[in-house]
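For reference, the structure is listed below as structure tokens.
In UniProt numbering, the protein residues as written are 1 to 308.
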């Protein structure tokens with residue numbers, strides 16, 4: 001049974017996190033040159049917190065050597081790793097591991113708020129092995145609340161100390177990774193409103209159908225007005241935008257993995273018509289569906305193989 005003060009407690013926790021992020025905004029840390037490395041410790045190479053403008057994009061190749069965790073505290077973005085595209089919103093996180101090409105950017109000319117840490121140490125791979133084995137790079141709401149608290153604590157420590165203690169930093173990085181592991185493997189459930197989590201589950205299960213906001217509200221036995229309030233409070237966007245962008249994410253997978261036409265994909269994903277689908281896709285991805293397929297799809301893979 002829910003306690004009467006649970007809602008108030010969640011709101012206070014959210015406000016405390018937002019206040020802490022506000023104090024860290026604009027801060028960037030870089031490890032001093034010449035630090036003597038202990039192979040038994042974790043190190044923070046760089047870390048930071050801030051909002052990034054409309055042309056924000058990071059592209060790295062397989063030579064990137066660090067473990068980097070990002071948490072979105074505001075806005076929306078795309079993340080690509082291992083040939084997969086992910087649409088991310090406020091409250092979600094993503095992990096970059098060494099040796100993998102990746103891209104991340106803001107979404108459709110809006111700013112994105114990120115708090116992040118770039119870590120190193122020979123033990124990082126051992127600690128995060130289970131996540132890598134399961135192919136987990138993106139972490140959704142319901143598992144990231146304590147991860148954010150750990151990020152705030154780590155970066156707050158780096159900002160406040162004139163000279164950091166390597167052992168203290170290592171302990172905080174290890175604690176952060178443990179929170180990430182616990183959340184990803186189902187040992188921690190974030191205190192998000194149950195209805196909001198059910199709405200996400202409903203949308204994820206129906207995103208490849210002609211799903212409307214009214215359908216989601218009806219399925220949860222709530223009004224569309226309350227559903228909108230839930231999404232703006234917990235994801236920072238409207239449910240219709242979330243549904244549309246989840247369709248774009250699904251469209252990317254279909255373009256990569258099938259030979260279906262753009263018209264057929266738009267039909268299967270419930271877009272009004274193929275012209276509208278192309279417009280929405282181009283606004284999100286910066287290219288048309290067929291241009292995306294030419295770069296990422298099965299035809300490219302076959303062409304690459306013939307060139308080996």
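Where a beta carbon is used, it is the ideal one built from N, C-alpha and C, also for glycine.
{"Check": "Secondary structure of residue 71, DSSP reduced to three states", "Outcome": "strand"}
{"Check": "Length of the line joining the Cα atoms of residue 122 and residue 265", "Outcome": "44 Å"}
{"Check": "Sequence-distant residues of the same chain with beta carbon closer than 7 Å to residue 53, five excluded per side", "Outcome": "111"}
{"Check": "Within the region 125-155, ranges of the alpha helix (DSSP H) (whole runs, at least 4 residues)", "Outcome": "129-133"}
{"Check": "Counted within 10 angstroms of its Cβ, other Cβ atoms place residue 62 as buried (16 or more) or exposed", "Outcome": "exposed"}
{"Check": "Enclosing alpha helix (DSSP H) for residue 231 [first to last residue]", "Outcome": "224-234"}
{"Check": "Span of the beta strand (DSSP E), counted from its first residue to its last, around residue 182", "Outcome": "That residue, residue 182, is in no beta strand (DSSP E); its alpha helix (DSSP H) goes 166-184."}
{"Check": "As assigned by DSSP and simplified to three states, the class of residue 196", "Outcome": "helix"}
{"Check": "Distance CB(residue 196)-CB(residue 230) smaller than 7 Å", "Outcome": "yes"}
{"Check": "Minimum Cβ-Cβ distance from residue 227 to chain D less than 7 Å", "Outcome": "Absence of chain D from the displayed structure is noted, only one protein chain being present."}
{"Check": "Inter-residue Cα distance where the pair is residue 289 and residue 172", "Outcome": "43 Å"}
{"Check": "Under the three-state DSSP convention, the category residue 102 falls into", "Outcome": "strand"}
{"Check": "Beta bridge counterpart(s) of residue 280 as assigned by DSSP", "Outcome": "DSSP, once it has assigned bridges, lists no residue as partnering residue 280."}
{"Check": "Among 271, 260, 177, 152, the one whose alpha carbon lies nearest that of residue 42", "Outcome": "177"}
{"Check": "Buried versus exposed, by CB contacts within 10 Å (16 or more), residue 26", "Outcome": "exposed"}
{"Check": "Cβ contact (3+ pairs, closer than 8 Å) linking the region 150-166 and the region 99-107", "Outcome": "no"}
{"Check": "Minimum length 3: unbroken beta strand (DSSP E) runs contained in the region 36-67", "Outcome": "43-52, 57-60"}
{"Check": "Closest residue to residue 295 among 284, 267, 256, 261 (Cα-Cα distance)", "Outcome": "256"}
{"Check": "Cβ-Cβ separation, residue 156 to residue 24 (assumed contact under 8 Å), whole Å", "Outcome": "6 Å"}
{"Check": "Residue range of the unbroken beta strand (DSSP E) whose run includes residue 89", "Outcome": "84-89"}
{"Check": "Assigned exposure category for residue 180 - 16 Cβ within 10 Å defines buried", "Outcome": "buried"}
{"Check": "Proximal residues to residue 240 (C-beta, below 7 Å), its chain only, five neighbours per side dropped", "Outcome": "213"}
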